[in-house]
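Undergrad: One line per chain: the protein sequences are A and B, in this order.
Under the numbering used here, the letters of the first sequence match residues 1 to 145, in that order.
Under the numbering used here, the letters of the second sequence match residues 1001 to 1145, in that order.
Ideal placement from N, C-alpha and C gives every residue a C-beta, glycine not left out.
Computed from a predicted structure; not experimentally measured.
Take a look at the following structure, please.
Number of protein chains: 2
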Amino acid sequence: MVLPVTSDQTVIMVRQYRHGNEKICLELPGGLVDPEDESAEISARRELIEETGWRPQRMVPIGIVYPQPAVLSNRCHFFLARDVAPVGKMALDAGEDILWTEVPLADIRAKIRKGEIDNAMTVLAFSYYWMQNPAAGMPGKDISR
Amino acid sequence: MVLPVTSDQTVIMVRQYRHGNEKICLELPGGLVDPEDESAEISARRELIEETGWRPQRMVPIGIVYPQPAVLSNRCHFFLARDVAPVGKMALDAGEDILWTEVPLADIRAKIRKGEIDNAMTVLAFSYYWMQNPAAGMPGKDISR
């Protein structure tokens, strides 16, 4: 899962219909690590470009979780994609119907509080970012610049 | 899922073996909402007492997420359980092997950063708490007292 931020602190998010909860969800881009991917970072960079058409200057790992350790062994890797810039075209997989949208980073917490962002892994990506970004009032190494 | 905090800012957590990732995980207590439960809060209070033997003075709803909206419609409700006190006995379901443990709230972020806490829903519960607790440097209504 990727948290793509532009140099002016705008987040590139995606809207897509989710069959599980039958809603159009405001989420961060992401996807699966393919068996041939050398690292989760490579997969994250690919999914970002495919789903949004934006490319990062630098990827920063910000956290890893077990989404459902009671029954599954898979892990979710979170990356901050810094200084993303548009490359102009998306490359969606068959069956994907995704629109990207710009959301000011400063508006994210209000959207989470209001329930406009309620996908667990998306909220977690922002949480790991805030936990490591002293500018957001959380302790840790500054990875925001 | 419940974030139980004592009056001296200690979190009551649980350790249990998780078959999915084959690890003993440090987590928050929680469980399923039974069909006959009148609310998620009732379920949360029951699971807290059953899994830890601690009882809250007050339950505060702090967030709701869709854990996996791509394929599932279920939601996860997070509650802050304030001023918890021991009632002395746990009442585990058959097959549950759970030990409770005390962790200072001030140590949680370091444990998340080090990966000692890496269950997605557990990290999310703390994140929703911090997002609503100005003392942690995050904006929002103060629910810590």
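Mind checking if residue 120/A is an interface residue toward chain B, Cβ cutoff 8 Å exclusive?
TA: The sequence position of residue 120/A within the first sequence is 120, counting from 1. Residue contact with chain B for residue 120/A: present (Cβ-Cβ distance below 8 Å to some residue of chain B).
Undergrad: Count Cβ pairs between the region 50 to 62 of chain A and the region 12 to 26 of chain A that sit closer than 8 Å; are there 3 or more?
TA: Yes: at least three Cβ pairs fall under 8 Å.
Undergrad: Can the beta-carbon of residue 118/A be found less than 8 Å from the beta-carbon of residue 1065/B?
TA: Counting from one through the first sequence, the residue named residue 118/A turns up at place 118. Counting from one through the second sequence, the residue named residue 1065/B turns up at place 65. A contact, by the Cβ cut-off of 8 Å.
Undergrad: With a threshold of 8 Å, are at least 3 pairs of Cβ atoms found where one atom belongs to the region 84 to 94 of chain A and the other to the region 1085 to 1099 of chain B?
TA: With a cut-off of 8 Å, the region 1085 to 1099 of chain B and the region 84 to 94 of chain A do not count as touching, because too few Cβ pairs lie within range.
Undergrad: Give the secondary structure of residue 123/A by DSSP, where H, G and I count as helix, E and B as strand, and everything else as coil.
TA: Translated into the one-based positions of the first sequence, residue 123/A becomes position 123. In the three-state scheme derived from DSSP, where H, G and I count as helix and E and B as strand, residue 123/A is classed as helix.
Undergrad: Starting from the C-beta of residue 1016/B, find all residues in its chain whose C-beta is less than 8 Å away, skip the five residues before and the five after it, and write them out in chain order.
TA: Position 16 of the second sequence, counting from 1, holds the residue named residue 1016/B. Cβ neighbours of residue 1016/B beyond the five flanking positions: 1024, 1025, 1027, 1096, 1097, 1098 and 1099.
Undergrad: Using C-beta distances below 8 Å, list every residue in its chain close to residue 1112/B, excluding the 5 sequence neighbours before and after it, in chain order.
TA: For the purposes of this step, residue 1112/B is identified with residue 112 of the second sequence, where counting begins at 1. Excluding its 5 nearest sequence neighbours in each direction, residue 1112/B has C-beta neighbours in its own chain below 8 Å: 1118, 1123 and 1126, listed in chain order.
Undergrad: Could you name the residues of the same chain whose beta carbon sits closer than 6 Å to that of residue 1018/B, not counting the 5 residues immediately before and after it, in chain order?
TA: As a position in the second sequence, residue 1018/B is number 18, starting the count at 1. 1025.
Undergrad: Rounded to whole angstroms, what is the Cα-Cα separation between residue 38/A and residue 45/A?
TA: To locate residue 38/A, count along the first sequence from 1; it is residue 38. To locate residue 45/A, count along the first sequence from 1; it is residue 45. Looking at the two C-alpha atoms, the distance is approximately 12 Å.
Undergrad: Strictly below 9 Å CB to CB, what residues from chain A border residue 1071/B?
TA: Taking the second sequence and counting its residues from 1, one reaches residue 1071/B at position 71. Correct list: 18, 19 and 20.
Undergrad: Which residues in chain A have a C-beta closer than 8 Å to the C-beta of residue 1009/B? List them in chain order.
TA: Your numbering for residue 1009/B matches position 9 in the second sequence. Ordered by position in chain A, no residue passes the 8 Å Cβ test against residue 1009/B, which lies about 16 Å from the chain.
Undergrad: Decide if residue 1043/B is buried, meaning its Cβ has at least 16 other Cβ atoms within 10 Å, or exposed.
TA: Taking the second sequence and counting its residues from 1, the one referred to as residue 1043/B is at position 43. Its Cβ being crowded by 16 or more others within 10 Å, residue 1043/B is buried.
Undergrad: Rounded to whole angstroms, what's the CA-CA distance from residue 143/A to residue 8/A? Just pull it up for me.
TA: Taking the first residue of the first sequence as position 1, residue 143/A is located at position 143. Taking the first residue of the first sequence as position 1, residue 8/A is located at position 8. For residue 143/A, the pLDDT reaches just 48, beneath the cut-off of 50, and the residue's location in the model is therefore unreliable, leaving the point undetermined.
Undergrad: Cα separation between residue 83/A and residue 132/A?
TA: By 1-based counting over the first sequence, the position of residue 83/A is 83. By 1-based counting over the first sequence, the position of residue 132/A is 132. Cα to Cα, residue 83/A sits roughly 17 Å from residue 132/A.
Undergrad: Taking only the alpha-carbon atoms, compute the straight-line gap between residue 1036/B and residue 1076/B and give it to the nearest angstrom.
TA: Working through the second sequence from its first residue, we reach residue 1036/B at position 36. Working through the second sequence from its first residue, we reach residue 1076/B at position 76. For residue 1036/B and residue 1076/B, the distance between alpha carbons rounds to 17 Å.
Undergrad: Should residue 1129/B be flagged as near chain A, meaning a C-beta pair shorter than 8 Å?
TA: Here residue 1129/B is taken as the residue at index 129 of the second sequence, counted from 1. Judged by the 8 Å Cβ criterion, residue 1129/B is not in contact with chain A.
Undergrad: Please classify residue 87/A: is it buried, with 16 or more other beta-carbons within 10 angstroms of its beta-carbon, or exposed?
TA: If you number the first sequence from 1, residue 87/A lands on position 87. The residue is exposed, with fewer than 16 neighbouring Cβ atoms inside 10 Å.
Undergrad: Using a Cβ-Cβ cut-off of 6 Å (strictly less than) and excluding sequence neighbours within five positions of residue 1058/B, which residues of its own chain qualify?
TA: In the second sequence, residue 1058/B corresponds to position 58, counting from 1. 1082.
Undergrad: List the DSSP bridge partners of residue 1016/B.
TA: Looking up residue 1016/B in the second sequence gives position 16. Paired residues: 1025/B and 1098/B.
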